[in-house]
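So the structure is just underneath, and the comments pick up after that.
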Amino acid sequence: MSPDGRRSDRVALAIGADMWTICGVTPDLQELFSFLRFPSVSTDSRHADDVRACAGWLVEKLSAMGLAAELHETPKHPVVIARNEHAKGRRTVLIYGHYDVQPVDPIELWTSPPFEPEIRDGRIWARGATDNKGQMFAHVLGVEKTLKETEGLPVNLIFLFEGEEEIGSPSLSSFLLHHCDELRCDVVAISDTGMVAPGVPTLGYGLRGIACCEAILRGPKQDLHSGLFGGAVANPAAAIARLVSSLHALDGRVAIDGFYDAVRPLEDWERHMWSHVPGVADADFLKVTGSPGLFGEPGYTSAERTWARPTAEVNGIGGGYQGEGSKTVLPSQAFVKLSFRLVPDQDPKDIMDKVVNHLEWHCPPGVEIEVVTGHDGKPYITDPNSAFGQAAQTALRNAFDAEPVLIREGGSIPIVQTFRDILGADTLLLGLALSDAQVHSPNENFPVENFEAGIRLNQSLLLELAK
Ligand code: BES
Ligand code: ZN
252 MSPDGRRSDR VALAIGADMW TICGVTPDLQ ELFSFLRFPS VSTDSRHADD VRACAGWLVE
312 KLSAMGLAAE LHETPKHPVV IARNEHAKGR RTVLIYGHYD VQPVDPIELW TSPPFEPEIR
372 DGRIWARGAT DNKGQMFAHV LGVEKTLKET EGLPVNLIFL FEGEEEIGSP SLSSFLLHHC
432 DELRCDVVAI SDTGMVAPGV PTLGYGLRGI ACCEAILRGP KQDLHSGLFG GAVANPAAAI
492 ARLVSSLHAL DGRVAIDGFY DAVRPLEDWE RHMWSHVPGV ADADFLKVTG SPGLFGEPGY
552 TSAERTWARP TAEVNGIGGG YQGEGSKTVL PSQAFVKLSF RLVPDQDPKD IMDKVVNHLE
612 WHCPPGVEIE VVTGHDGKPY ITDPNSAFGQ AAQTALRNAF DAEPVLIREG GSIPIVQTFR
672 DILGADTLLL GLALSDAQVH SPNENFPVEN FEAGIRLNQS LLLELAK
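If you count the sequence shown from 1, position 94 lands on 345 in this note's numbering, and the numbers rise without skipping.
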């Protein structure tokens, strides 16, 4: 030991790193764990300080890597921007991710606490492990490795990380408008989508759009005795059930007038290509979901229904007594929360007009209806075989040593179409999320091998995009 004690520190650090590696928790994973420990739940105002602290931690990490990193305030949660020194004549690549996460409830169904990451069965278990901290941090570490191993990056890089994706990115469009000169880029890359099966590299070339609303039905001024008033006064809970059932035909098609008008039909080459994609057969949907049966629009497979067809979903419904046993009550109010997944060329505003009309028209008698519209986002589609698309396919092939599959996505990342509208750039969706990652659900997880592949993917991607 040296008199100033520094050597012993270094020895301790070295042993520490080895121990981590022995237990399977490498320094890269330790750092991801630090990121995952922030309960950055964007929808819950009680977590606003945690969201901010998480953004601050990112700025420190990116600055320590030698990038120029800044935290930008927005009306809600901060945006983090980081860049290397940009040089003329090089491609500019914007890598987007989100550091906010979904709420954790029902918390009692988690095997280990959601913000105390741990590794079991080769997977990282924590809220945000896949969606999106694990996937976005793989890009951060990929850039860090390239910076360490080579002179610098092969491209002009912009990292853009937001803290509001899970609540519909309310601040990001105007942020893009205000900073469009600094954010100008040739292409956007995002890892926040799915991978069809372990070891099968997946390039997404489409996302569904979304439009959300809530309908509230109001009846009597307070809950009533159902014996004294039932039968004479309209029941809002029964009315909401009728209203919800009016959204679909019995065969599963959406029954809103004009809902399918703008839908772009599936191309034959897509249907043919998707029929060979592993991991997305109807049997796989049954296995992953644990549902006793599948149901959806006639004439389409489950993959087609989720990737390329629009839907109407009930996200929550309520009203009346929810406690133990029975209570003979006629509730004064009932509500339903709805979201509509949209495909090219449906327009969220046009669809929401049609939805509101439908709900008002089909509202049963004796109750009053209020429809509160929520956030929305446009669908997205691009050419997977464009020059950048081919570069992405090469990077996926290199990172996974397997042939990539090309899919569309059922989920939504509304900012992707906004990137095209404001920055004029297309997006490469390099998904690392497995179908059993349990995103938005209890026991979210991310395979360590996907995290490591994501790091390699980033390194290869920047090289390919530079060519
Ligand atoms: N990462 C997801 C979207 C996703 C997941 C796409 C898996 C494809 C495969 C994203 O974080 C998300 O959950 N988006 C929301 C958007 C909404 C809140 C506007 C969604 O799809 O519900
Ligand atoms: Zn999400």
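We treat Cβ as the ideally placed atom computed from N, Cα and C, and that holds for glycine.
Tell me the DSSP secondary structure of residue i in three-state form.
i, result
"glutamine 584", "strand"
"histidine 523", "helix"
"leucine 494", "helix"
"valine 302", "helix"
"asparagine 335", "coil"
"phenylalanine 716", "Going by the sequence as given, residue 716 is leucine instead of phenylalanine. DSSP places leucine 716 in helix when its eight states are reduced to three."
"leucine 283", "helix"
"histidine 613", "helix"
"histidine 390", "helix"
"tryptophan 558", "helix"
"valine 539", "helix"
"arginine 504", "coil"
"leucine 423", "helix"
"glycine 719", "The first residue shown for the chain is 252 and the last is 718, placing residue 719 beyond what the model contains."
"asparagine 566", "strand"
"glycine 414", "coil"
"leucine 408", "strand"
"histidine 499", "strand"
"isoleucine 632", "strand"
"alanine 319", "strand"
What do you get for residue i, buried or exposed, if any count of 16 or more other CB atoms within 10 angstroms of its CB means buried?
i, result
"arginine 257", "At arginine 257 the pLDDT is 40, less than 50, meaning the model places this residue with poor confidence; the figure from the coordinates comes in the next sentence. Burial call: exposed."
"arginine 493", "exposed"
"cysteine 431", "exposed"
"asparagine 701", "buried"
"glutamine 237", "Past the boundaries of the shown model lies residue 237; the chain is included only from 252 to 718, so the question cannot be answered."
"methionine 252", "Legend: pLDDT at methionine 252 = 37, less than 50; position of this residue unreliable, value from coordinates given subsequently. Label assigned to methionine 252: exposed."
"histidine 609", "buried"
"isoleucine 266", "Below a pLDDT of 50, predicted positions are generally treated as unreliable, and isoleucine 266, at 47, falls in that range; the measurement from the model is reported next regardless. It is exposed - the Cβ of isoleucine 266 has fewer than 16 other Cβ atoms within 10 Å."
"histidine 328", "buried"
"arginine 374", "buried"
"glutamine 281", "exposed"
"isoleucine 273", "Note that isoleucine 273 has pLDDT 49, beneath the 50 cutoff, so the model's placement of it is unreliable and no number is given."
Tell me which residues share the same chain as residue i and place their Cβ nearer than 7 Å to its Cβ, disregarding the 5 neighbours each side in the sequence.
i, result
"glutamate 413", "Val330, His349, Ser420, Leu423"
"leucine 713", "Val344, Thr397, Leu404, Pro405, Val406"
"phenylalanine 536", "Leu545, Ser553"
"serine 711", "Ala646, Asn649, Ala650"
"alanine 304", "Phe289"
Could you pull out every residue in the same chain whose Cβ sits closer than 6 Å to the Cβ of residue i, ignoring the five residues on either side in sequence?
i, result
"arginine 288", "Phe366"
"asparagine 383", "Gly348, His349, Asp443"
"alanine 563", "Leu498, Val505, Phe591"
"leucine 360", "Pro693"
"glycine 682", "Thr444, Gly445, Met446, Thr453, Gly455"
"lysine 588", "Glu465, Asn566, Gly567"
"leucine 283", "Phe388"
"alanine 380", "Glu695, Asn696, Phe697"
"valine 531", "Val447, Ala554"
"glutamine 468", "Per the sequence shown, residue 468 should be read as leucine rather than glutamine. So the qualifying residues of the chain are Pro487, Ala490, Ile491, Ala585, Val618, Ile620."
"glutamate 575", "none"
Considering only C-alpha positions, which residue in the set the options is nearest to residue i?
i, options, result
"asparagine 696", "Ala704, Ser686, Gly705", "Ser686"
"leucine 498", "Phe546, Val606, Val514", "Val606"
"serine 692", "Pro616, Arg297, Arg522, Thr540", "Thr540"
"valine 221", "Arg671, Asp533, Ala485, Asp598", "Any question about residue 221 goes unanswered here, given that the chain covers just 252 to 718."
"alanine 319", "Val302, Ala653, His337", "His337"
"valine 656", "Gln641, Leu537, Val528", "Val528"
"phenylalanine 388", "Arg371, Asp351, Glu619", "Asp351"
"glutamine 473", "Gly570, Pro278, Ala646", "Gly570"
"histidine 390", "Leu454, Leu313, Leu428, Tyr456", "Leu313"
"alanine 676", "Phe651, Ser637, Ser711, Ala684", "Ser637"
"valine 623", "Arg297, Cys463, Arg522, Asp533", "Cys463"
"aspartate 627", "Glu324, Asp356, Val667", "Val667"
"arginine 435", "Thr325, Met524, Leu411", "Leu411"
"glycine 550", "Gly617, Leu517, Arg374", "Leu517"
"valine 699", "Asp372, Leu392, Ile507", "Asp372"
"phenylalanine 286", "Gly307, Arg297, Asp295", "Gly307"
"isoleucine 461", "Trp612, Thr633, His613, Trp558", "Trp558"
Opposite residue i in the DSSP bridges: which residues?
i, result
"tryptophan 308", "According to DSSP, tryptophan 308 bridges with nothing at all."
"valine 690", "Paired residues: none, contrary to the question."
"cysteine 464", "Leu589, Thr624"
"valine 439", "Leu345, Thr678"
"tryptophan 376", "Glu369, Asn696"
"leucine 454", "Leu657, Leu681"
"histidine 476", "Val580"
Excluding sequence positions up to five away, which residues of its chain have a Cβ less than 8 Å from the Cβ of residue i?
i, result
"glutamate 321", "Val310, Val331, Ile332, Ala333"
"aspartate 601", "Ala513"
"arginine 707", "Gly393, Asn649, Ala650"
"glycine 317", "Asn335, Leu398"
Could you tell me whether any Cβ in chain D is nearer than 7 Å to the Cβ of residue i?
i, result
"glutamine 710", "Absent here is chain D; the protein component of the structure consists of one chain."
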